[in-house]
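Throughout the sequence shown, residue numbering follows mature numbering (1 follows the signal peptide of the UniProt record, and there is no 0), covering -19 to -1, 1 to 155 in sequence.
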Amino acid sequence: MASPLPLTFFILSFSLVVSTSISSNEKETHLHFYFHDIVIGKSPTAMRIAQANTTDTSKTLFGALVMIDDPLTESSDLDSKLIGHAQGMYALASQEEAGLMMAMTFSFVDQEFNGSTLVVLGRNAVFDEVREMPVIGGSGKFRFAKGYVLAKTYAFDLKTGNAVVEYDVHVRHW
Ligand SMILES: *[C@@H]1O[C@H](CO)[C@@H](O)[C@H](O)[C@H]1NC(C)=O
Ligand SMILES: *[C@@H]1O[C@H](CO)[C@@H](O)[C@H](O)[C@H]1NC(C)=O
């Protein structure tokens, strides 16, 4: 009579290998930096590229689409060390409040993450104290990335629309 042991052993070792290969190389990284959205200034980093014909009469600027290449720096000072750039777009997507739909890539230039990217896509109600947005992917050191960001306004100039936003990024990746 054949012993059932080899089959059991095979199933056991197989499931062991699968779970090990999924979890063993996963890392969790926390990044902290400041995002500078300069709408008006000597070198703007955020530019409106499209709008609806009703955008300028909308209280929430509904329908505006803004292209950004915003510097990410180590401290709230724009002249502090450059960590990377937030490149992409945000759309004024709410008719009730200042609510953005953000679609951007954080492209890092500093140290071990130089050349790696993270992709953030989500809703950003800019007058909320803390906004959470999903990290939906990444490249380089951030392959297989998933996680979230917490965005908090550090400074906002109502006249120009210029903003400095503190970002905490929590991401799991390989
Ligand atoms: C906006 O565009 C639509 C469609 O072209 C037009 O019907 C409407 O009158 C325009 N509204 C304004 C405020 O210009
Ligand atoms: C980042 O990588 C680029 C291209 O490989 C290189 O030219 C640059 O010196 C690197 N920057 C830092 C801070 O390591």
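Ideal Cβ positions, reconstructed from N, Cα and C, are used throughout, including at glycine.
Within its own chain, the residues whose Cβ lies closer than 6 angstroms to the Cβ of residue 65, once the five positions on either side in sequence are excluded, are 53, 87, 88, 89 and 90, listed in chain order. Residue 122 carries a helical assignment under DSSP once its states are collapsed to helix, strand and coil.
Short note on residue 36: C-beta not closer than 7 angstroms to any heavy atom of ligand 1. Positions of the beta strand (DSSP E) runs, each at least 3 residues long and wholly inside the segment 13 to 53, are given as 27 to 31 in order along the chain.
In this structure, the C-beta of residue 138 stays at least 7 angstroms away from each heavy atom of ligand 2.
Within the DSSP bridge table, the entry for residue 152 names 10 and 128 as partners. The three-state secondary structure of residue 147, taken from DSSP, is strand. Residue selection by CB proximity (closer than 7 angstroms to any heavy atom of ligand 2) returns 90, 91, 92, 95 and 96 in chain order.
Beta-bridge analysis with DSSP links residue 97 to no other residue.
Note on geometry: alpha-carbon atoms of residue 69 and residue 100 lie some 10 angstroms from one another. For residue 57, there is no enclosing beta strand (DSSP E), since its DSSP letter is neither H nor E. The DSSP-derived three-state label of residue 92 is helix. Less than 8 angstroms divides the Cβ of residue 83 from the Cβ of residue 114. The straight-line gap separating the alpha-carbon atoms of residue 33 and residue 131 is approximately 30 angstroms. Each residue's CA atom was taken as its position, placing residue 151 and residue 124 some 14 angstroms apart.
DSSP places residue 139 in no beta strand (DSSP E); its state is neither H nor E. For residue 72, the enclosing beta strand (DSSP E) stretches over residues 63 to 73.
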